[in-house]
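Student: So in UniProt numbering, spot 25 of the sequence shown is number 25, and the numbers just go up one at a time. Cβ atoms here follow ideal geometry from the backbone N, Cα and C, with glycine treated the same way. Let me begin by handing over the structure; questions about it come next.
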Amino acid sequence: MNILILEDEPIIAVDLEEIVLGRVEGNVVVAGTLSDGLRYVLEHRDGIEFALLDLQLGRDGATSIPVARLLMEAKVPFCFVSATTESIPGEMQAIPQVKKPFAPEEIEAVLPLAA
Numbered sequence: 001m002n003i004l005i006l007e008d009e010p011i012i013a014v015d016l017e018e019i020v021l022g023r024v025e026g027n028v029v030v031a032g033t034l035s036d037g038l039r040y041v042l043e044h045r046d047g048i049e050f051a052l053l054d055l056q057l058g059r060d061g062a063t064s065i066p067v068a069r070l071l072m073e074a075k076v077p078f079c080f081v082s083a084t085t086e087s088i089p090g091e092m093q094a095i096p097q098v099k100k101p102f103a104p105e106e107i108e109a110v111l112p113l114a115a
């Protein structure tokens with residue numbers, strides 16, 4: 001299984017990666033910026049089976065919404081993992097959301113979406 005984690009905070013990215021690898025066999029790719037996330041999705045769209053996306057990326061106002069749109073177009077399931085969800089567009093409100101700070105069990109609960 002190939003899972004993308006788009007998270008700009010390195011400590012949180014490592015936590016997410018450890019939680020995922022503890023539950024799912026496969027490859028986890030961590031992208032820390034919007035441009036890295038976009039590049040990975042555009043290059044590997046057919047190989048991604050699930051993604052965990054932080055909504056707010058950095059202090060410059062970037063969000064993961066462009067990556068989320070590409071994943072939706074490719075019919076790749078994903079979950080937002082974010083402290084704030086107010087700026088999620090209406091068409092994405094039904095996407096699963098895990099609020100930060102999160103417990104490992106909350107991340108584990110969304111992993112079956114990857115199956």
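(1) Just the C-alpha distance for SER82 and VAL98, rounded to the nearest angstrom, thanks.
(2) Once the 5 residues before and after GLU49 are set aside, which same chain residues still bring their CB inside 6 Å of it?
(3) Can you tell me the Cα-Cα spacing of LEU38 and GLU108, whole angstroms?
(4) Can you list, in chain order, the residues of its chain with a C-beta nearer than 6 Å to that of GLY22? Leave out the 5 residues immediately preceding and following it.
(5) Nearest CA to the CA of LEU53: which residue from ARG59, THR63, HIS44?
(6) Helix, strand or coil: how does DSSP classify residue 117 here?
(7) Can you grab the Cα-Cα spacing for the pair LEU55 / ASN27, in whole Å?
(8) Where does ILE11 land, buried or exposed, given buried means 16+ other C-beta within 10 angstroms?
(9) Going by C-alpha distance, which of ARG45, LEU4, LEU71 is nearest VAL29?
(10) Helix, strand or coil for SER35, going by three-state DSSP, please let me know.
Tutor: Result, derived from the coordinates:
(1) Those two C-alpha atoms are separated by around 6 Å.
(2) Cβ neighbours of GLU49 within its own chain (closer than 6 Å, five residues either side excluded): MET1, ASN2, ALA114.
(3) In a straight line, the C-alpha of LEU38 is about 25 Å away from that of GLU108.
(4) Closer than 6 Å at Cβ, skipping near neighbours: no residue.
(5) Looking from the CA of LEU53, the closest CA among ARG59, THR63, HIS44 belongs to THR63.
(6) The structure shown does not extend to residue 117, since the chain is modelled only from 1 through 115, so no value can be given for it.
(7) In a straight line, the C-alpha of LEU55 is about 22 Å away from that of ASN27.
(8) Looking at its Cβ environment, which holds fewer than 16 other Cβ atoms inside 10 Å, ILE11 is exposed.
(9) The shortest C-alpha separation from VAL29 is found at LEU4.
(10) Shown here, SER35 sits in a helix according to DSSP, grouped into three states.
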